[in-house]
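One structure is given here, and the rest of the page talks about it.
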Amino acid sequence: AEGAEPLTYFLLQAGANHAEVAGVLSAAGAFIRAVQGNPFWRTNLQYLLDDQGFTGQDLAQLLQAWPDFLAVECDATGYMETEVLDYLYGTVGLRRSEVRKVVRRAPQLLAPRADGTSAADTAAALALVGLRPRALRAALVAHPRLLAHTPRAVFECSAFLMSKDVGAQAAHLGALYKRAPWLPGRPVAELRAVARWLRQIGVEDVENVFRGYPEVALRDVEELDAAFLFLLEEVGLAPLQAALVVQAYPSALALDLGAARGVLAYLSGPELGLSAAERRRVLRAFPSLLAAPVRGGLAPVVAYLREELGVRAPGRFVSAAPAVLGFDVARDLRPKAAYLRQRAGLGAFDLLRFPACLTYPLEEVIAPRTEFLALCRRPVGQLGLNKALAPGDDDFAAKVALTRPETYQLFKKAFRRKQQQAQRRRQGVAEAEGLTDPVLVAQLPRWDDRGAVEGAGLGAVALFNIGGRAAAAEWNKGSWALVEEEGEEQPATPAPAAEATDPADAAVARKGRSVGNEEEEGSTRERLLKQLEEMAASSTSMAADEDREQQQQQSGEEKKKSN
Numbered sequence: 013a014e015g016a017e018p019l020t021y022f023l024l025q026a027g028a029n030h031a032e033v034a035g036v037l038s039a040a041g042a043f044i045r046a047v048q049g050n051p052f053w054r055t056n057l058q059y060l061l062d063d064q065g066f067t068g069q070d071l072a073q074l075l076q077a078w079p080d081f082l083a084v085e086c087d088a089t090g091y092m093e094t095e096v097l098d099y100l101y102g103t104v105g106l107r108r109s110e111v112r113k114v115v116r117r118a119p120q121l122l123a124p125r126a127d128g129t130s131a132a133d134t135a136a137a138l139a140l141v142g143l144r145p146r147a148l149r150a151a152l153v154a155h156p157r158l159l160a161h162t163p164r165a166v167f168e169c170s171a172f173l174m175s176k177d178v179g180a181q182a183a184h185l186g187a188l189y190k191r192a193p194w195l196p197g198r199p200v201a202e203l204r205a206v207a208r209w210l211r212q213i214g215v216e217d218v219e220n221v222f223r224g225y226p227e228v229a230l231r232d233v234e235e236l237d238a239a240f241l242f243l244l245e246e247v248g249l250a251p252l253q254a255a256l257v258v259q260a261y262p263s264a265l266a267l268d269l270g271a272a273r274g275v276l277a278y279l280s281g282p283e284l285g286l287s288a289a290e291r292r293r294v295l296r297a298f299p300s301l302l303a304a305p306v307r308g309g310l311a312p313v314v315a316y317l318r319e320e321l322g323v324r325a326p327g328r329f330v331s332a333a334p335a336v337l338g339f340d341v342a343r344d345l346r347p348k349a350a351y352l353r354q355r356a357g358l359g360a361f362d363l364l365r366f367p368a369c370l371t372y373p374l375e376e377v378i379a380p381r382t383e384f385l386a387l388c389r390r391p392v393g394q395l396g397l398n399k400a401l402a403p404g405d406d407d408f409a410a411k412v413a414l415t416r417p418e419t420y421q422l423f424k425k426a427f428r429r430k431q432q433q434a435q436r437r438r439q440g441v442a443e444a445e446g447l448t449d450p451v452l453v454a455q456l457p458r459w460d461d462r463g464a465v466e467g468a469g470l471g472a473v474a475l476f477n478i479g480g481r482a483a484a485a486e487w488n489k490g491s492w493a494l495v496e497e498e499g500e501e502q503p504a505t506p507a508p509a510a511e512a513t514d515p516a517d518a519a520v521a522r523k524g525r526s527v528g529n530e531e532e533e534g535s536t537r538e539r540l541l542k543q544l545e546e547m548a549a550s551s552t553s554m555a556a557d558e559d560r561e562q563q564q565q566q567s568g569e570e571k572k573k574s575n
């Protein structure tokens with residue numbers, strides 16, 4: 013391209029290869045003229061090379077992503093605006109490699125804005141609506157374009173989300189923006205159309221849909237209609253049932269309808285043979301199954317139930333415990349069944365009497381309760397799996413184990429700690445042997461504190477409290493045995509985590525607006541939230557006015573037709 017020689021030579025000298033330079037020239041197009049008309053492009057690129065540690069490859073990637081950078085002018089000092097870089101280093105605390113990544117993916121942050129604001133102002137606005145420093149750092153590394161929004165866009169989007177159309181709480185906005193950093197850039201009119209559609213189909217908790225599946229804001233009403241009609245006509249749900257499914261599982265609005273039809277056919281096919289009513293009941297309870305792959309997800313589970321557990325009617329098993337279809341055989345189902353057989357002495361018949369036993373977490377529920385009941389001399393085989401697993405922890409301790417809830421909680425913490433120690437040992441063995449697959453790691457021998465291999469994997473001493481006195485249980489020759497403990501030693505209480513600092517102070521101070529102390533910061537946040545609430549009320553009022561105008565237009569058209 014004419015006039016591209018200086019830029020080509022500069023990039024090659026910086027270390028970019030010919031293919032990368034060709035990509036820059038292809039993407040730049042008309043901006044190549046800026047190389048001749050704007051003498052600052054060389055100063056800006058040289059600054060990134062010398063002061064920020066960028067490489068020629070970094071510059072090539074930056075210019076391919078945003079050729080407009082060639083037209084960015086310098087200020088009176090002869091340098092481009094670098095406040096955002098100072099903010100990323102100082103307040104956010106990004107490392108140099110992370111800053112390079114952010115700038116490569118969102119070079120627009122280095123350009124001045126028409127409204128006079130900067131990326132630091134946007135970060136301060138995000139902090140004031142609830143995005144904490146650690147979350148902001150993670151969000152920026154994953155989605156650098158989050159700072160490309162103006163503070164006004166952040167506040168307008170926040171006001172809409174807090175309005176009656178959505179009903180979001182101010183405390184939830186930060187987490188939502190972390191998950192969907194593009195959301196403040198969506199026009200409020202489009203967001204309002206989606207929220208109204210959700211209200212019309214019967215969804216009451218619109219906020220839950222936006223939080224669970226914020227990508228709903230990217231879909232048009234026709235796509236949403238198609239997904240909802242699928243739930244009504246092909247799954248067979250009533251309108252209220254379909255609305256509840258959308259509210260509980262918002263990703264139902266993003267289903268691949270072709271793949272979902274394959275799931276329907278499999279559930280009703282010869283492998284499971286569910287009736288229309290049974291299939292409807294299963295999908296109402298676990299709509300996420302509509303997104304599960306048949307060949308790599310549902311079929312292996314059914315084969316495992318039939319071939320390894322001896323389930324003759326897997327359809328009835330699935331009807332009793334639909335969630336079992338969502339688990340992985342190697343990582344979840346097989347270890348749970350093996351543990352219950354080996355440690356609790358249960359057979360296949362015991363598992364079939366309570367199919368939901370395979371849906372409880374092994375390390376959080378099944379293992380600690382089985383071991384605690386054995387310690388209390390109330391084996392799970394005598395009580396039944398439903399009594400041992402179904403209640404909550406407090407009811408389990410009081411009504412099943414016949415002990416105090418505090419006793420079981422103390423035991424459970426010690427039990428979990430020993431499991432974590434054993435897992436770290438297994439991971440160390442795996443790394444030494446070059447094994448990285450979690451399944452292979454789980455199959456390695458489990459070592460107890462004395463260096464002996466323990467087949468059950470629970471070789472440890474657990475400290476807990478029985479009858480108001482300190483005691484311990486030691487894993488010895490395949491069973492727990494009480495051991496008298498000297499003194500009243502208790503498990504160490506972890507030190508409370510230090511609170512992270514809010515980035516709003518530094519950003520506001522950088523702009524010359526001092527924030528004196530924590531009380532002033534709190535009042536600033538309160539004023540902002542009050543303004544957001546007022547904006548949310550205004551947004552709700554505007555939406556109501558639009559509804560009235562639409563109703564008046566419809567009534568006028570009906571009168572004309574009647575005349």
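Counting from 1, position 476 in the sequence shown corresponds to residue 488 in this note's numbering; the numbering is continuous, with no gaps. Every residue, glycine too, gets a C-beta built ideally from N, C-alpha and C. All values derive from a computational prediction rather than experimental measurement.
Own chain partners of residue i with C-beta closer than 6 Å, once the 5 adjacent residues on each side are dropped
{"i": "V294", "result": "P334"}
{"i": "V36", "result": "A72, L75, Q76"}
{"i": "K109", "result": "The sequence as given places Ser at residue 109; Lys does not occur at that position. No residues qualify anywhere along the chain."}
{"i": "A207", "result": "D177, V178, V218"}
Which of helix, strand or coil DSSP assigns to residue i
{"i": "E17", "result": "helix"}
{"i": "S280", "result": "helix"}
{"i": "R582", "result": "Nothing about residue 582 can be reported from this structure: the residues present for the chain run from 13 to 575 only."}
{"i": "Q64", "result": "coil"}
{"i": "E320", "result": "coil"}
{"i": "E234", "result": "helix"}
{"i": "C388", "result": "coil"}
{"i": "A180", "result": "coil"}
{"i": "H161", "result": "coil"}
{"i": "W78", "result": "coil"}
{"i": "P417", "result": "helix"}
{"i": "A123", "result": "coil"}
{"i": "S170", "result": "helix"}
{"i": "F22", "result": "helix"}
{"i": "S287", "result": "coil"}
{"i": "L249", "result": "coil"}
{"i": "W582", "result": "Because the chain is modelled from 13 through 575, residue 582 falls outside the range shown and cannot be assessed."}
{"i": "A304", "result": "coil"}
{"i": "Y261", "result": "coil"}
{"i": "G41", "result": "helix"}
{"i": "F52", "result": "coil"}
{"i": "A426", "result": "helix"}
{"i": "G27", "result": "coil"}
{"i": "A325", "result": "coil"}
{"i": "R270", "result": "Reading off the sequence shown, one finds Gly at residue 270, where the question assumed Arg. Helix, per DSSP."}
{"i": "E227", "result": "helix"}
{"i": "S94", "result": "The sequence given here places Thr at residue 94; Ser does not occur at that position. Looking at T94 - three-state DSSP - the assignment turns out to be coil, as it is neither helix nor strand."}
{"i": "R108", "result": "helix"}
{"i": "E216", "result": "coil"}
{"i": "V84", "result": "coil"}
{"i": "P299", "result": "helix"}
Cutoff 7 Å; reference residue i; Cβ partners in own chain excluding five residues on either side
{"i": "T94", "result": "none"}
{"i": "V70", "result": "Per the sequence shown, the amino acid found at residue 70 is Asp instead of Val. Only R112, R116 meet the Cβ criterion."}
{"i": "R318", "result": "P326"}
{"i": "Q120", "result": "W78, A160"}
{"i": "V330", "result": "L284, V294, V336, L337"}
Beta-carbon proximity of residue i to residue j, cut-off 9 Å
{"i": "P156", "j": "R117", "result": "yes"}
{"i": "T419", "j": "A426", "result": "no"}
{"i": "R198", "j": "A229", "result": "yes"}
{"i": "V258", "j": "L243", "result": "yes"}
{"i": "T67", "j": "L61", "result": "yes"}
{"i": "Y189", "j": "L256", "result": "no"}
{"i": "V96", "j": "S130", "result": "yes"}
{"i": "A28", "j": "L82", "result": "no"}
{"i": "G248", "j": "R291", "result": "yes"}
Same chain only: Cβ atoms within 8 Å of residue i, ignoring 5 sequence neighbours per side
{"i": "V313", "result": "V336, L337, F339, V341, L345"}
{"i": "V200", "result": "E168, C169, F172, S551"}
{"i": "L358", "result": "L352, V392, G393, L397"}
{"i": "D127", "result": "T162, R164"}
{"i": "L24", "result": "H30, V33, G68"}
{"i": "A239", "result": "A264, L265, A266, L267, L269"}
{"i": "D405", "result": "P417, Y420, Q421, K424"}
Short CB-CB distance (under 9 Å) between residue i and chain B
{"i": "Q354", "result": "Here chain B cannot be found, since the structure has a single protein chain."}
Please list the segments of the alpha helix (DSSP H) lying wholly inside the stretch 328-404, counting only runs of 4 or more residues, in order along the chain. 346-354, 360-365, 379-387, 392-395, 397-401
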